[in-house]
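Heads up, the thing below is written out as structure tokens.
There are 2 protein chains.
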Amino acid sequence: MDYLDAIAWNADGLVPAVAQDAVSGEVLMLAWMNRESLARTVATGEAVYWSRSRAKLWRKGETSGHLQKVVEIRLDCDADAVLLRVEQVGGIACHTGRRRCFFNLLEAGEGAAGWRATDPVLSEPGRFRDGG
Amino acid sequence: MDYLDAIAWNADGLVPAVAQDAVSGEVLMLAWMNRESLARTVATGEAVYWSRSRAKLWRKGETSGHLQKVVEIRLDCDADAVLLRVEQVGGIACHTGRRRCFFNLLEAGEGAAGWRATDPVLSEPGRFRDGG
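Respectively, the protein sequence lines represent chains B and A. If you're matching positions, the first sequence starts at 1 in the numbering used here and goes up one per residue. If you're matching positions, the second sequence starts at 1 in the numbering used here and goes up one per residue.
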């Protein structure tokens, strides 16, 4: 069976893909892939996602230069989620100019819980938006 | 604004949630949450997901004992993905008895690409299935 046929694509033909920094172990982002984006990722060794907002293939870093070089690709037990371990070129995965997209930490102290941005902006935010 | 209202729930009222081992950094699994599951996770300090296959709340480890104690909860830049850093009780996150769900590695050598299970089964597989 083709490795693409082994995946339990959702009703939209997509699967969630988690990108993890292969060196630091940090979870960088979650994006989506369709068959073609995964096939291109495998063929090129660089992460290609499916942009749901733009409804097109999205080669990560195509405008920012912040490519993701793929170290390994994993599939989970139910075949409905993919994990990419990547070398994050430029050390910036997020379009806001931060290292990772998961920069909002839930703070649930004595008052109401809320999200607080914890990570510094390393490059001009929004300048190089190339995904979604 | 309530922290739950800040989340961009999908059409089914769900958001993907990635669980990462807080000590090893290993990505353990990807599951789904609805409002109530996230609220219960915050309230109890233990991961509660929404089982899409069973259409009910699923306290991770409720039958296996392999609870996930939540160290921190993060939200991504688009507010449509959640990251849990957890202490994985028993060191086994996957219902197959493996450490993590992402045990299938894509091997794309000279022949056809395919997925190969790389991780050992640490406990009797299938015995304690409690999710999905």
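Just so it is clear, CB atoms sit at the ideal spot from N, CA and C, and this is done for glycine as well.
- The straight-line gap separating the alpha-carbon atoms of A:R74 and B:N104 is approximately 5 Å.
- Following the DSSP letters along the chain, one finds A:R35 inside the alpha helix (DSSP H) bounded by residues 35 to 44.
- B:E46 places its beta carbon 9 Å or farther from that of B:Q20.
- When secondary structure is reduced to three states using DSSP, A:V23 falls in the coil class, being assigned neither helix nor strand.
- When the beta-carbon positions are compared, B:A6 and A:W32 stay at least 9 Å from each other.
- The Cβ neighbour count for A:N34, taken over all protein chains shown within 10 Å, is at least 16; the residue is labelled buried.
- Counting along the chain, B:V70 sits inside the beta strand (DSSP E) bounded by residues 68 to 75.
- A:T96 counts as buried, since at least 16 other C-beta atoms from the protein chains shown sit within 10 angstroms of its C-beta.
- One finds L106, A113, G114, W115 in chain B with Cβ atoms closer than 7 Å to the Cβ of A:Y3, taken in chain order.
- When the beta-carbon positions are compared, A:L28 and A:C77 stay at least 9 Å from each other.
- Around the beta carbon of B:K56, fewer than 16 other beta carbons lie within 10 angstroms, which makes this residue exposed.
- A:V18 is the residue among A:V18, A:A8, A:A11, A:A39 whose C-alpha sits nearest the C-alpha of B:D80.
- Contact check for B:R85 against B:A93 fails: the beta carbons are separated by 9 Å or more.
- Rounded to whole angstroms, B:L4 and B:V48 show a C-alpha spacing of 15 Å.
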